[in-house]
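4 protein chains.
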Amino acid sequence: MGFELGPNRYGKAGIHLATVVRGEERHEFSEREIEVRLEGDFEEVHTEGDNATVLPTDTMRSSAYALAFEHPEEALEAFALRYTEYLVHASPAASRAEAWMSERPWERVVIDGQPHPHAFTRGAFRWTTHVVRERDEVRVSGGLDELYLLKTTGSAFGGFLKDRYTILPETDDRILATELDARWRYTRTDLDFAAEREACRVAIIGAFAHHDDSRSVQHTLWRLGMAALEASANVDEVTFSMPNLHHVAVDLSYCGLQNDGKVFVVTDKPSGRIEGTVRRTEDVVSG
Amino acid sequence: MGFELGPNRYGKAGIHLATVVRGEERHEFSEREIEVRLEGDFEEVHTEGDNATVLPTDTMRSSAYALAFEHPEEALEAFALRYTEYLVHASPAASRAEAWMSERPWERVVIDGQPHPHAFTRGAFRWTTHVVRERDEVRVSGGLDELYLLKTTGSAFGGFLKDRYTILPETDDRILATELDARWRYTRTDLDFAAEREACRVAIIGAFAHHDDSRSVQHTLWRLGMAALEASANVDEVTFSMPNLHHVAVDLSYCGLQNDGKVFVVTDKPSGRIEGTVRRTEDVVSG
Amino acid sequence: MGFELGPNRYGKAGIHLATVVRGEERHEFSEREIEVRLEGDFEEVHTEGDNATVLPTDTMRSSAYALAFEHPEEALEAFALRYTEYLVHASPAASRAEAWMSERPWERVVIDGQPHPHAFTRGAFRWTTHVVRERDEVRVSGGLDELYLLKTTGSAFGGFLKDRYTILPETDDRILATELDARWRYTRTDLDFAAEREACRVAIIGAFAHHDDSRSVQHTLWRLGMAALEASANVDEVTFSMPNLHHVAVDLSYCGLQNDGKVFVVTDKPSGRIEGTVRRTEDVVSG
Amino acid sequence: MGFELGPNRYGKAGIHLATVVRGEERHEFSEREIEVRLEGDFEEVHTEGDNATVLPTDTMRSSAYALAFEHPEEALEAFALRYTEYLVHASPAASRAEAWMSERPWERVVIDGQPHPHAFTRGAFRWTTHVVRERDEVRVSGGLDELYLLKTTGSAFGGFLKDRYTILPETDDRILATELDARWRYTRTDLDFAAEREACRVAIIGAFAHHDDSRSVQHTLWRLGMAALEASANVDEVTFSMPNLHHVAVDLSYCGLQNDGKVFVVTDKPSGRIEGTVRRTEDVVSG
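Protein chains in written order, with our numbering: chain A, 0 to 286; chain B, 0 to 286; chain C, 0 to 286; chain D, 0 to 286.
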């Protein structure tokens with residue numbers, strides 16, 4: 000019987016660091032969580048126990064601190080690009096370095112209309128980035144997750160396929176709620192990422208709010224995708240994961256009440272899962 | 000050998016409901032999670048298996064929906080007061096009903112400066128309430144939790160007790176970060192709770208930001224307490240749980256760098272735990 | 000307006016350590032998580048920012064490691080007793096030290112019937128302990144949590160109180176499932192805690208399995224309590240938290256099937272919460 | 000500007016059901032969690048809001064109950080195969096159905112050496128399965144996750160690559176700990192899956208325990224893979240995710256102690272991440 004090593008990779012998860020930029024008038028603060036993987040020629044690491052080509056995952060951790068020190072002001076995407084550049088340089092056996100980073104927006108505390116110079120409160124969602132760096136190519140995505148969006152009207156779901164197990168009634172007015180996860184692919188690596196990502200975020204939230212004839216989560220997802228692509232010329236595709244967080248109108252007939260869309264059970268599990276990518280058509284990209 | 004029943008209670012956790020108030024110009028949305036307990040004369044339930052006095056926990060669930068239907072516009076505290084009133088009425092054997100409720104603020108989406116009539120995004124912290132209702136007395140608290148606050152300067156920790164196990168260096172400038180949990184006790188049950196709780200929240204955040212000579216988490220906790228009590232005449236004590244979320248400056252000497260307060264390890268575990276109550280002095284309360 | 004400090008305490012959570020006892024024939028391994036609080040005369044810490052009486056929470060962490068080093072073979076309860084003894088000694092201002100500890104059982108891997116000398120796999124529940132030490136008194140409890148127990152029959156729930164919101168049908172045969180949390184109070188501090196806690200665990204599981212005429216979770220809780228007290232003469236009361244993890248028989252009539260107790264929805268939320276204490280009667284304790 | 004729909008899929012997560020087989024002498028119990036996705040020709044669902052081809056995710060939920068009712072005794076893999084068969088049949092637009100299922104082993108309570116007929120306690124890990132069904136092909140994997148394994152000796156890590164950021168010392172004796180996630184690919188769909196998966200589990204745990212000259216997690220992963228493939232002729236590749244759960248020997252020199260491998264800090268974050276596949280060489284598979 001013979002065996003061989005298939006696909007493999009290794010790295011670190013849960014590197015958690017913060018940076019402070021101490022400006023004269025005010026401080027900037029960021030808090031970042033980092034995950035990383037290397038892929039390459041690591042066969043003898045597995046089969047022979049030979050670690051000569053292994054950059055320890057502990058070095059992935061300690062180098063992240065040092066690199067953050069050099070440019071604490073940097074956008075998340077730029078940091079991920081620079082970090083993966085270090086990694087492929089430091090690991091000659093690696094053909095590919097991949098990094099996922101996230102940061103919660105820490106918003107400046109505002110008191111009587113005045114932004115405070117060094118006090119912050121943590122926001123509700125997370126910015127994310129994903130960089131894949133190979134020896135001759137690099138791809139960078141921005142994104143956000145844990146963004147909860149909800150509409151109390153303007154959403155329907157009907158006209159669907161039915162079979163013997165179908166019990167869901169059609170509805171022309173339901174609550175639509177999701178915990179949005181969006182990832183957009185940048186076409187360049189030299190962008191003002193903070194501006195790009197904010198443009199995407201604003202476009203997505205606006206499209207969600209405006210889409211008042213939603214026929215399904217998929218239908219809304221398509222609109223969000225077009226809105227993001229219209230908002231940034233430097234993005235050529237955007238992928239969404241949009242769980243359908245069901246809010247089911249409670250049947251109150253047991254106590255003689257007619258629930259006209261006032262009270263809903265929030266069903267934490269199960270939930271629908273809608274995922275999809277929207278991209279520019281080829282001719283436009285090449286045009 | 001003889002046995003007896005000691006303290007006991009029962010109830011429901013994880014009741015999760017949402018309400019919509021469908022106004023002509025705009026909708027209001029709330030999402031609430033409810034936990035409840037009854038205490039009283041339930042000895043034979045345990046020892047004899049006699050359920051005659053048991054209001055089923057399922058009824059605690061279904062009644063919560065019906066009661067929410069009646070007043071979907073109600074503040075969280077008011078709902079908890081009304082809900083516990085129902086419970087002690089429905090359960091003659093109960094001497095005490097206790098409810099904990101929480102809700103995330105779902106903020107109205109704002110587009111080009113215009114608040115949207117029916118689209119919302121979920122905020123970062125949670126409002127909480129706790130009601131204890133006995134046959135002849137009721138106490139109600141408001142609160143918030145999961146409020147992350149952080150300062151990049153204005154915080155020190157030194158002059159502490161040392162023994163053979165003490166390795167922590169003193170510092171006159173550190174990052175102070177906490178996930179605040181505050182609970183304030185109202186002196187009355189007929190308040191505009193939405194206004195009261197917002198006043199407390201604003202006062203707490205402001206005091207955290209302003210306290211720039213913090214000598215410890217305890218020192219700051221005391222200031223937050225005074226600020227909340229000054230902000231609301233209808234609150235007579237406030238209790239805080241303030242984990243100290245450590246941000247440790249990384250020693251970068253291993254690679255020849257001098258980390259002058261730029262990069263920090265965020266240590267998720269362990270964390271300090273600081274808890275305390277601030278209240279009005281007796282003579283003032285009675286004055 | 001005057002203010003005063005009410006109840007307050009401070010400490011550390013999430014101290015996570017492991018110990019190895021390297022015997023000649025085999026190793027022993029334990030993994031423990033520790034939480035601790037001190038209470039006492041800490042008013043000026045809050046009001047004046049004077050840290051002279053403060054044993055830093057970082058010292059609570061570093062001392063835990065050193066104390067574990069001295070007796071790595073010790074039972075969890077014994078370690079908590081010794082640790083709190085150190086704490087009240089090290090903190091003259093403290094009137095009370097409280098520690099909560101937990102450990103998962105890491106079971107020795109067994110291969111072809113042979114226990115392995117140094118390979119372990121983690122078990123499913125957690126052992127717990129709680130020590131409250133005051134200057135002139137100490138109380139110690141043992142316990143376990145995250146113990147999932149389930150019976151497919153032998154459990155009923157009927158004859159309960161009904162009102163206008165009651166929709167739950169009575170049943171004479173349901174699934175009874177819980178995630179048990181038990182805490183038993185020891186009457187002495189010089190026990191063979193490993194033997195005591197195992198006796199309680201075995202008695203609780205056995206009583207759960209044997210109680211085939213369960214009329215409610217409360218009814219079963221009472222039996223578990225008596226069983227634990229019968230199993231250990233050194234325990235005088237035991238407190239349980241027993242969520243009722245509902246398994247609801249699915250109505251399959253929508254597709255023409257009659258579900259005769261074969262398929263159930265496991266409803267993660269909401270769940271019932273049953274809590275109660277069983278103790279020896281006074282005359283027996285003093286007899 | 001033109002847009003097009005890229006890859007997309009939809010389904011349900013968090014379907015949670017239990018089954019009971021009520022034999023004359025004893026009951027069998029299983030508890031399963033299900034996630035599912037459909038892919039296919041769903042473009043107009045997104046772009047036009049036309050739901051004619053959409054099998055609702057609610058039907059994915061209700062059908063899972065009905066299908067479980069028909070064969071409650073079935074192994075997890077067999078259920079996933081049958082469930083995806085239903086899904087591609089019920090959804091003509093789908094070209095692919097994918098299901099992930101997991102179940103915790105609920106072990107029969109044993110009292111005085113006697114297995115109880117209908118009382119169970121939940122085990123520590125989870126069995127998993129993954130089925131990908133296309134119109135003309137089906138692939139099925141078994142697996143397990145949340146299996147914590149640890150060795151107190153027999154593991155080294157040295158001889159690795161070093162650069163300016165490397166601070167990790169080499170070690171010839173460390174604690175090796177992981178939360179194992181394994182997925183093995185079956186070569187057939189008509190197997191006794193319960194027997195196959197148990198053979199894999201036993202082989203993996205045994206190989207972990209026996210590999211006493213481990214030079215790295217990768218080195219051990221390779222051995223686990225070979226062991227699983229040797230244990231089952233019906234598996235042709237196995238993929239592992241093995242986080243390296245670091246146990247760092249505490250430096251106790253601050254209080255004059257020499258920590259000779261007795262006390263360790265369990266660092267919950269960050270952790271190493273080692274992933275890899277081991278498979279039979281081609282000539283063997285085709286031979």
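Cβ atoms here follow ideal geometry from the backbone N, Cα and C, with glycine treated the same way.
| According to the neighbour-count rule (16 or more other Cβ atoms, all chains shown, within 10 Å of its Cβ), is aspartate 180(B) buried or exposed? | The count along the second sequence starts at 1 and reaches residue 180(B) at position 181. Burial call: buried.
| Other residues of its chain near glutamate 133(B): CB distance less than 7 Å, five sequence neighbours each side excluded | Residue 133(B) sits at position 134 when you count from the first residue of the second sequence. Ser94 and Arg95.
| Using a Cβ-Cβ distance under 8 Å, would glycine 142(C) count as near chain B? | Here residue 142(C) corresponds to residue number 143 of the third sequence, with the count starting at 1. No, no contact with chain B.
| message | For a cutoff of 8 Å on Cβ pairs, would you count glutamate 73(C) as touching chain B? | response | As a first step, residue 73(C) must be located in the third sequence, where it is residue number 74. No, because no Cβ of chain B sits closer than 8 Å to the Cβ of glutamate 73(C).
| task | Buried or exposed for valine 277(D), please, with buried defined as at least 16 other CB atoms from any protein chain shown within 10 angstroms of its CB. | result | Taking the fourth sequence and counting its residues from 1, the one referred to as residue 277(D) is at position 278. Buried, by the Cβ-count rule.
| query | What runs of the beta strand (DSSP E), each 3 residues or longer, lie entirely inside the stretch 147-195 of chain A? | reply | 175-185
| field | the stretch 242-274 of chain C: positions lying closer than 7 Å to chain A by Cβ | value | Tyr253, Cys254, Asp267 and Lys268
| task | Answer yes if the stretch 232-240 of chain D comes into contact with the stretch 172-192 of chain D, meaning at least three C-beta pairs across the two stretches below 8 Å, and no otherwise. | result | yes
| Taking the runs of the alpha helix (DSSP H) that are 4 residues or longer, which of them lie wholly in the stretch 52-107 of chain B? | 56-69 and 75-89
| request: Give the C-beta separation of threonine 127(A) and tryptophan 105(A) to the nearest angstrom, bearing in mind that I take them to be a contact with Cβ-Cβ under 8 Å. | output: Looking up residue 127(A) in the first sequence gives position 128. Looking up residue 105(A) in the first sequence gives position 106. Not really, about 16 Å apart at Cβ, beyond 8 Å.
| How far does the beta strand (DSSP E) with glycine 5(D) in it reach, from first residue to last? | Your numbering for residue 5(D) matches position 6 in the fourth sequence. Residues 2-21.
| said: Here's the rule: buried if 16 or more other CB atoms are within 10 angstroms of the residue's CB, otherwise exposed. What is valine 44(D)? | reply: Locating residue 44(D) in the fourth sequence gives position 45, counting from the first residue. Label assigned to valine 44(D): buried.
| task | Closer than 7 Å by beta-carbon distance: list the chain A residues that pair up with tryptophan 105(B), in chain order. | result | Counting from one through the second sequence, the residue named residue 105(B) turns up at place 106. Within chain A, the residues near tryptophan 105(B) are Leu149.
| said: Please list, in chain order, the chain C residues whose beta carbon lies closer than 7 Å to that of glutamate 30(D). | reply: In the fourth sequence, counting from the first residue as 1, residue 30(D) sits at position 31. Ordered by position in chain C, the residues that pass the 7 Å Cβ test against glutamate 30(D) are Val265.
| said: Out of Asn7(B), Ile174(B) and Arg163(B), which one is the CA nearest neighbour of serine 61(C)? | reply: For the purposes of this step, residue 61(C) is identified with residue 62 of the third sequence, where counting begins at 1. It is Arg163(B) whose Cα lies nearest to the Cα of serine 61(C).
| Using CA coordinates, which residue listed in Gly10(A), Gly5(A), Lys261(A) and Val265(A) is at the minimum distance from serine 90(A)? | As a first step, residue 90(A) must be located in the first sequence, where it is residue number 91. When each option's Cα is compared against that of serine 90(A), the closest is Gly10(A).
| Closest Cα partner of phenylalanine 207(B) within the set Thr83(B), Cys199(B), Leu223(B) and Arg214(B) | Looking up residue 207(B) in the second sequence gives position 208. For the residues Thr83(B), Cys199(B), Leu223(B) and Arg214(B), the minimum Cα distance to phenylalanine 207(B) belongs to Leu223(B).
| message | Does valine 201(B) come out as helix, strand or coil in the three-state DSSP assignment? | response | Stepping through the second sequence from its first residue, residue 201(B) is reached at position 202. Helix.
| Enclosing alpha helix (DSSP H) for glutamate 229(C) [first to last residue] | Reading the third sequence from its first residue, position 230 is the one you call residue 229(C). Start and end: 216-230.
| message | If the cut-off is 8 Å on Cβ atoms, which residues from the stretch 80-98 of chain B count as contacting chain F, listed in chain order? | response | No chain F appears in this structure, whose protein chains are A, B, C and D.
| said: Only counting the same chain, and skipping five residues up and downstream in sequence, which positions put a Cβ closer than 6 Å to that of glutamate 32(A)? | reply: The sequence position of residue 32(A) within the first sequence is 33, counting from 1. Around glutamate 32(A): His15 and Ser101.
| field | Close beta carbons around glycine 142(D), own chain, < 6 Å, minus the five adjacent residues each side | value | Here residue 142(D) is taken as the residue at index 143 of the fourth sequence, counted from 1. Thr127, Ala181 and Arg182, listed in sequence order.
| Does alanine 181(D) get closer than 8 Å to chain A when you measure Cβ to Cβ? | In the fourth sequence, residue 181(D) corresponds to position 182, counting from 1. Cβ-Cβ to chain A under 8 Å: no for alanine 181(D).
| query | So, using beta-carbon positions, are valine 249(C) and threonine 266(C) closer together than 8 Å? | reply | The count along the third sequence starts at 1 and reaches residue 249(C) at position 250. The count along the third sequence starts at 1 and reaches residue 266(C) at position 267. No, these two residues do not count as a Cβ contact at 8 Å.
| If you draw a straight line from the alpha carbon of asparagine 258(A) to that of aspartate 172(B), how long is it in whole angstroms? | Taking the first sequence and counting its residues from 1, one reaches residue 258(A) at position 259. Taking the second sequence and counting its residues from 1, one reaches residue 172(B) at position 173. Computed Cα separation, rounded: 57 Å.
| Of the listed residues Glu236(A), Thr46(A) and Gly255(A), nearest to glutamate 281(A) (C-alpha basis) | By one-based count along the first sequence, residue 281(A) stands at place 282. When only C-alpha atoms are compared, the closest one is Glu236(A).
| field | Contact the stretch 115-124 of chain C vs the stretch 138-158 of chain D: 3+ CB pairs below 8 Å | value | yes
| Of all the CB atoms in chain D, is at least one closer than 8 Å to the CB of valine 216(C)? | Taking the first residue of the third sequence as 1, we reach residue 216(C) at position 217. False, the Cβ-Cβ gap to chain D never drops below 8 Å.
| Short CB-CB distance (under 8 Å) between arginine 60(A) and chain C | As a first step, residue 60(A) is located in the first sequence; it is residue number 61 there, counting from the start. Output row for arginine 60(A): interface = no.
| task | Less than 8 Å between the CB atoms is what I'm expecting for threonine 170(A) and phenylalanine 159(A), so what's the real figure, rounded? | result | For the purposes of this step, residue 170(A) is taken as residue 171 along the first sequence, with counting starting at 1. For the purposes of this step, residue 159(A) is taken as residue 160 along the first sequence, with counting starting at 1. Their Cβ separation, rounded to whole angstroms, is 11 Å, which puts threonine 170(A) and phenylalanine 159(A) out of contact at 8 Å.
| message | I want to see whether chain D comes within less than 8 Å of leucine 16(C), judged by CB atoms only; does it? | response | As a working note, residue 16(C) is residue 17 in the third sequence. So yes, leucine 16(C) belongs to the interface.
| query | What did DSSP end up calling glutamate 47(C) once you bin it into helix, strand or coil? | reply | Stepping through the third sequence from its first residue, residue 47(C) is reached at position 48. Coil, per DSSP.
| Residues near aspartate 211(B) in its chain [Cβ-Cβ closer than 7 Å; skip 5 each side] | Numbered from its first residue, the second sequence carries residue 211(B) at position 212. Gly153.
| How is the beta strand (DSSP E) around valine 131(B) delimited, first residue to last? | Residue mapping note: residue 131(B) aligns to position 132 of the second sequence, counting from 1. From DSSP, the beta strand (DSSP E) with valine 131(B) extends over 125-133.
| By the criterion of Cβ-Cβ separation under 7 Å, what are the contact partners of valine 108(D) in chain C? | The residue given as residue 108(D) occupies position 109 in the fourth sequence. Here the neighbours are Ile204 and Ala208.
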